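Protein sequences, first through last, are from chains H and F.
For the first sequence, the positions run 14 to 130 when our numbering is used.
For the second sequence, the positions run 163 to 275 when our numbering is used.
From the three backbone atoms N, C-alpha and C, an ideal C-beta is built for every residue, glycine too.
These numbers were taken from a predicted model, which means no experiment stands behind them.
To start, the structure itself, in structure tokens.
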Amino acid sequence: ETGVTQTPRHLVMGMTNKKSLKCEQHLGHNAMYWYKQSAKKPLELMFVYSLEERVENNSVPSRFSPECPNSSHLFLHLHTLQPEDSALYLCASSQDLGLAGWGNEQFFGPGTRLTVL
Amino acid sequence: SQKIEQNSEALNIQEGKTATLTCNYTNYSPAYLQWYRQDPGRGPVFLLLIRENEKEKRKERLKVTFDTTLKQSLFHITASQPADSATYLCALAKSGGSYIPTFGRGTSLIVHP
Numbered sequence: 014e015t016g017v018t019q020t021p022r023h024l025v026m027g028m029t030n031k032k033s034l035k036c037e038q039h040l041g042h043n044a045m046y047w048y049k050q051s052a053k054k055p056l057e058l059m060f061v062y063s064l065e066e067r068v069e070n071n072s073v074p075s076r077f078s079p080e081c082p083n084s085s086h087l088f089l090h091l092h093t094l095q096p097e098d099s100a101l102y103l104c105a106s107s108q109d110l111g112l113a114g115w116g117n118e119q120f121f122g123p124g125t126r127l128t129v130l
Numbered sequence: 163s164q165k166i167e168q169n170s171e172a173l174n175i176q177e178g179k180t181a182t183l184t185c186n187y188t189n190y191s192p193a194y195l196q197w198y199r200q201d202p203g204r205g206p207v208f209l210l211l212i213r214e215n216e217k218e219k220r221k222e223r224l225k226v227t228f229d230t231t232l233k234q235s236l237f238h239i240t241a242s243q244p245a246d247s248a249t250y251l252c253a254l255a256k257s258g259g260s261y262i263p264t265f266g267r268g269t270s271l272i273v274h275p
């Protein structure tokens, strides 16, 4: 496997279910990200991890819970979601956070299409 | 407030013509700007990065310009092909911040044979 992989690709869940999204990157990168993409809206940054430490949490509801057990894996645990949480959830990685200002090209996975009934 | 604006209307052009997409921003001091391509149901793919002190970048049929006075970036695809049809996203990272880019909502390009 190369690049960034995400599983499952599609997920349908009820509002009372608990599920998890998985992301794995095979690029040796140090930073990983979760984004939400809804129709007609820009990508919304949810969480950022650098070297397994969470460095950004953009006011995301607590029903979304990230986990980064190592620099290659990132999870998004979901519980008691709402129908408005239905969206494409994208995972991305980059070599680092680009704090030097030189740029951090992000590599995205194919996404998980989530539908909350 | 900070805004990144891309034309929400799809751009329709004929094969062989040059496609030009626009990204405007307000209330940003950008460190750099990126362009990504996104196909339906897939994640974005990085295309080009241009830094705030650069005016133009090229890669094969792609060209990006960056005018920090006009607060605008233009993305050109020359000799466009139907395979270039996709949504193109611009993303800005501001200087002095976390350097994590913020994305615009993208513009859909449709190249007709």
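Where residue i meets chain F, residues with beta-carbon distance less than 7 angstroms
i              : result
N117 (chain H) : Y261
Element boundaries [beta strand (DSSP E), containing residue i]
i              : result
I175 (chain F) : 173-176
E167 (chain F) : 165-168
L210 (chain F) : 207-213
M59 (chain H)  : 57-63
Q200 (chain F) : 192-200
T125 (chain H) : 125-129
N43 (chain H)  : Element bounds for N43 (chain H): n/a, residue is neither H nor E.
V226 (chain F) : 224-229
E218 (chain F) : 218-221
Short CB-CB distance (under 7 angstroms) between residue i and chain H
i              : result
P206 (chain F) : yes
Y194 (chain F) : yes
R267 (chain F) : yes
Cβ shell of residue i (< 6 angstroms), same chain only, five flanking positions each side left out
i              : result
H90 (chain H)  : S33, S78
D246 (chain F) : I239, V273
Residues sharing a beta bridge with residue i, DSSP
i              : result
T182 (chain F) : F:H238
K35 (chain H)  : H:T20, H:F88
Q50 (chain H)  : H:L101
V68 (chain H)  : Per DSSP, none; premise fails for V68 (chain H).
L271 (chain F) : F:L173, F:A248
P79 (chain H)  : H:L89
Under 7 angstroms from the C-beta of residue i: neighbouring residues of chain H
i              : result
L211 (chain F) : G116, E118
Any C-beta of chain F under 7 angstroms from that of residue i
i              : result
L89 (chain H)  : no
P79 (chain H)  : no
F121 (chain H) : yes
P55 (chain H)  : yes
G27 (chain H)  : no
L6 (chain H)   : Only positions 14 to 130 of chain H appear in the structure, and residue 6 (chain H) is not among them; the question remains open.
G124 (chain H) : yes
G111 (chain H) : yes
Closer than 6 angstroms: residue i CB and nearest the ligand PLP heavy atom
i             : result
P96 (chain H) : Among the ligands in the structure shown, none appear at all, so the ligand PLP cannot be discussed.
Same chain only: Cβ atoms within 7 angstroms of residue i, ignoring 5 sequence neighbours per side
i              : result
V129 (chain H) : M26, M28, L94, Q95, P96, D98, S99
V73 (chain H)  : M59, F60
A248 (chain F) : R199, Q200, D201, L271
Within chain F, the residues that residue i reaches when beta carbons sit closer than 9 angstroms
i              : result
V136 (chain H) : Outside the shown range of chain H, which is 14 to 130, sits residue 136 (chain H), and nothing can be said about it.
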